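J.: Residue -5 in my numbering sits at position 13 of the sequence shown, and the numbers go up by one each step.
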Amino acid sequence: MPQQTVPRSTSRQVKMTVMGLNGPRTTTAGLLRIRQDRLDAERELDMRAQERAAILPAEAALEVGVGSTSHHDDDHSMLPHPDHSEPAHDDSEWSSEDDSSSSEEEAQATPVSSRPSANVYSAYSRLQQQTQARGDRRRRDIRYASMHSAWDAQLPSLVDAFLLWKHQLATAPEESREQAQHVFHVTHVGVFDSDPMFAVIQQGNELANVSLIRNGLLGCTPTSPELAMTFQCLELYHQLRRRQSSFGIQAYTKVLCVLHGVTYRPHFRNQFSMAFDVYLAILRAVQSRVNGALCRDNPSWRLQHYCPACTFKQPGEPVLVPSSLKAMDGNNSAKRMDNAGHADRCIFPSTYMISRTEVDMFKDNAATAVDEDTVKVFEQTSIFLSACRHGIILTCAEMLRSGELAKYPLATINKLIGAHGNDQAIGSDIGCSLSATLAASSIAQTARAANVQLVVNAFHGHAHNRMCQLQYHPLYLPGTGLEDFETCEHVFSSSNTTAGLIQHASHFHYVQSLKLHFSQWDADKYAELSHFLLNNYKQALQIISTNTAELDAYRALHPNETLDFGSWAAEELAYLKAVESEPKQDALRVTYVEELEKLTKLKYDITCSPIVSRRQFSFL
-17 MPQQTVPRST
-7 SRQVKMTVMG
3 LNGPRTTTAG
13 LLRIRQDRLD
23 AERELDMRAQ
33 ERAAILPAEA
43 ALEVGVGSTS
53 HHDDDHSMLP
63 HPDHSEPAHD
73 DSEWSSEDDS
83 SSSEEEAQAT
93 PVSSRPSANV
103 YSAYSRLQQQ
113 TQARGDRRRR
123 DIRYASMHSA
133 WDAQLPSLVD
143 AFLLWKHQLA
153 TAPEESREQA
163 QHVFHVTHVG
173 VFDSDPMFAV
183 IQQGNELANV
193 SLIRNGLLGC
203 TPTSPELAMT
213 FQCLELYHQL
223 RRRQSSFGIQ
233 AYTKVLCVLH
243 GVTYRPHFRN
253 QFSMAFDVYL
263 AILRAVQSRV
273 NGALCRDNPS
283 WRLQHYCPAC
293 TFKQPGEPVL
303 VPSSLKAMDG
313 NNSAKRMDNA
323 GHADRCIFPS
333 TYMISRTEVD
343 MFKDNAATAV
353 DEDTVKVFEQ
363 TSIFLSACRH
373 GIILTCAEML
383 RSGELAKYPL
393 ATINKLIGAH
403 GNDQAIGSDI
413 GCSLSATLAA
423 SSIAQTARAA
433 NVQLVVNAFH
443 GHAHNRMCQL
453 QYHPLYLPGT
463 GLEDFETCEH
473 VFSSSNTTAG
483 LIQHASHFHY
493 VQSLKLHFSQ
503 WDADKYAELS
513 HFLLNNYKQA
523 LQIISTNTAE
533 LDAYRALHPN
543 ETLDFGSWAA
553 EELAYLKAVE
563 SEPKQDALRV
573 TYVEELEKLT
583 KLKYDITCSP
593 IVSRRQFSFL
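(1) What runs of the beta strand (DSSP E), each 3 residues or longer, lie entirely inside the region 364 to 415?
(2) Can you tell me whether PHE213 is buried or exposed, with buried defined as 16 or more other CB within 10 angstroms of its CB?
(3) Taking DSSP as the reference, what is the three-state secondary structure of ILE231?
(4) Leaving out five residues before and five after GLY198 in sequence, what residues of the same chain have Cβ atoms less than 7 Å from its Cβ?
(5) Does DSSP classify ILE484 as helix, strand or coil?
(6) Excluding the five sequence neighbours on either side, which residues of its own chain have a C-beta within less than 6 Å of the C-beta of PHE144, listed in chain order?
(7) Might you give, ordered along the chain, the residues of its own chain that have their beta carbon closer than 6 Å to the beta carbon of ALA100, omitting 5 neighbours on each side?
(8) In angstroms with no decimal places, state the Cα-to-Cα distance between PRO331 and SER193.
(9) According to the Cβ coordinates, are ILE375 and TRP283 closer than 8 Å?
(10) Which value, in whole angstroms, describes the spacing of the CA atoms of TYR288 and THR333?
(11) Going by alpha carbons, who is nearest to SER424 out of ILE231, ARG20, ALA388, GLN453?
(12) Where does ILE183 sit, in a helix, a strand or coil, going by DSSP?
(13) Just list the beta strand (DSSP E) runs in the region 170 to 221, keeping only unbroken ones of 3 residues or longer that don't cross its boundaries, in chain order.
(14) If you draw a straight line from the alpha carbon of CYS292 to that of CYS370, how long is it in whole angstroms?
(15) Along the beta strand (DSSP E) that carries GLY312, what are the first and last residues, could you check?
(16) Note down, one range per segment and in chain order, each alpha helix (DSSP H) of at least 4 residues found wholly within the region 256 to 304.
(17) Just how far apart, CA to CA, sit GLU615 and GLN184?
(18) What are the boundary residues of the alpha helix (DSSP H) that includes LEU436?
(19) When you compare only the Cα positions, how much space is there between THR171 and GLN524?
(20) Short check: CB of LEU200 to CB of VAL260, under 8 Å?
(21) According to DSSP, is TYR103 part of a helix, a strand, or is it coil?
(22) List the residues that DSSP assigns as beta-bridge partners of HIS164.
(23) Taking 8 Å as the threshold (C-beta atoms), are LEU307 and ALA407 in contact?
(24) Excluding five sequence neighbours on each side, which residues of the same chain lie with their C-beta closer than 7 Å to the C-beta of ASN447?
(25) Can you say whether MET381 is buried or exposed, counting buried as having 16 or more other CB atoms within 10 angstroms of its CB?
(26) Tell me whether CYS590 is buried or exposed, calling it buried when 16 or more other Cβ atoms sit within 10 Å of its Cβ.
(27) Should ALA309 and ASN396 be called a contact, given that it needs their Cβ atoms to be closer than 8 Å?
(28) In the DSSP output, what is MET335 paired with across the bridge?
(29) For the candidate residues SER315, ASP28, HIS164, whose alpha-carbon lies nearest to that of ASN478?
(30) Determine the direct distance from the alpha carbon of VAL561 to that of ASP568, and round the result to whole angstroms.
(31) Using the Cα positions of PRO98 and SER255, report the straight-line distance between them to the nearest angstrom.
(32) Is it the case that the Cβ atoms of GLN451 and GLY443 are separated by a distance below 8 Å?
(33) Within this structure, are the beta carbons of CYS215 and VAL173 separated by less than 8 Å?
(34) Going by the CB atoms, is the gap between HIS167 and ALA181 shorter than 8 Å?
(35) DSSP three-state call for TYR586: helix, strand or coil?
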């Protein structure tokens, strides 16, 4: 069936009805006339828009007190520009929702005498609303990489400025004002004070954040900052976070909003988080310089000198065997979700962590069953930690998509042997079975040469069999003293407070949070070290005094008895090893009795069965 063609109009005249003030009005016009009227209307609209774009900067310039002779085609041309420029960086990297009315160019370059009042109806404000930067269309990982690169490039300058400010060696405000190239304004946020129009004097060829640091502030973006936090505000949260690891940034920013009478918005948390990360980076850089000046820049220095009571040796000091007591254990509370914070690929430097390369050296030594559900959900399923008997943390390894595999304790033992040498006693929940794993591992010869002794923790050891206790329980081992090797359990009871914040964090913030907690834990244990040693010494003297009196009383009642406790434990162990397997003669007798029982049962079945002929079983 042929398709029907739609007839088209060939008329060049169009009848139009237009609603006017006096009612509808009908006119007739040609197509060319209609097209020409439309083009004229569009051209008139474009001209009006250009006129508004030209008038608005001129009005803004008059408001801020700048002449209009330097007008160019750029809408920003009427804003005064500094002699130097910084690399452009969009605030949307961390605060894409920031509703600040001032643009980056205005915050970076506006003179102190030229900043207008915050009138939303002014030409200046309307100009800024029109010229705000568009949304950043880059991927989040690219934005983060660009942000970290910008911060890393200026970090040495920030550290220098921070040290000058901290020791009150920064340039005086009067001198800065004389040398100032221009002044920009930021929103200043402290603990109890804030200023939405804080003037910052910037000298020539000086980074904006360096200028802020001279005033005790730190910006939330590497370039063109519009919001700055005081160092007192950052340090307050730093100390709160070290003492209470469950107190997150969101809670702290909400507290600040209440103190300043501001409604909380989600991007406030991002802004403070960025400033806090940079503040911690500055503190780490300062500590790195101090370590370099004290010749402590060796990556293994902390591990080798972590605890004076364990590592410091006096000349002529008697040799102790074991020379040091340590404990290691895993904790599955320090989990991190898979793909959490995957856009942030920054790596946190930590002297606590054993690298994945060092751990994977032992991946083929032994294997343990893995919970498949755990592997699918979590990236870091737990941590494996070691600590000395005084509670100071030595090493930490991340358990990746697995349970407590043998490679983690083997990597820890290898690390401790390399740092502390011979005659170490290391406690573990499975020290008995781990001894066999260590003996069959790639570092078996190294461990034997270093005389490493594995011990079962006192609490867990009481659940093991008697033979295991006599060999691995600290109660029966010489040199262990009062130590129970349950140090890691005390550490985990405190570090579990970090779990709520690190479970959905990026890997950078995961390690940073653990490091903050561990460093404060070590500082507290170091401060309590003398008290800890004194209490242990008093307890040992009391035990010796009490037990000696009881033994003397027992000897008086049984003068002919020999009290050799060491030989008793050795004799018991020898007996248990001897009876570990059943003697062959006893086994043969038992087998003979079992066969006799079978024979008796068979005879009974034959006797009671009328079908079976007795002649067939005459041999019985």
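Just so it is clear, CB atoms sit at the ideal spot from N, CA and C, and this is done for glycine as well. These numbers were taken from a predicted model, which means no experiment stands behind them.
T.: So, from the listed chains and residues:
(1) 375 to 382, 406 to 410
(2) buried
(3) helix
(4) TRP147, THR212, PHE213
(5) helix
(6) ILE195, ILE264
(7) Confidence is the limiting factor: at ALA100 the pLDDT is only 42, short of 50, which leaves the residue's position unreliable, though a coordinate-based value still follows. Counting only Cβ-Cβ distances below 6 Å, and skipping sequence neighbours, we find nothing.
(8) 28 Å
(9) no
(10) 11 Å
(11) ALA388
(12) strand
(13) 176 to 185, 199 to 201, 209 to 212
(14) 8 Å
(15) 306 to 313
(16) 283 to 286, 290 to 293
(17) Outside the shown range of the chain, which is -17 to 602, sits residue 615, and nothing can be said about it.
(18) No alpha helix (DSSP H) holds LEU436; the beta strand (DSSP E) holding it covers 435 to 438.
(19) Note on identity: in this sequence residue 171 is Val, with Thr being the wrong assignment. Taking the straight line joining both Cα atoms gives about 57 Å.
(20) yes
(21) Any reading at TYR103 needs caution, since the residue's pLDDT is 44, under 50, leaving its predicted position unreliable; the model's value is listed next. Coil.
(22) GLN184
(23) yes
(24) none
(25) buried
(26) exposed
(27) no
(28) CYS378
(29) SER315
(30) 12 Å
(31) Note that PRO98 scores a pLDDT of 40, beneath 50, so its modelled location is shaky; the value from the coordinates is reported in the next line. Rounded to the nearest angstrom, the two C-alpha atoms are 30 Å apart.
(32) yes
(33) yes
(34) yes
(35) helix
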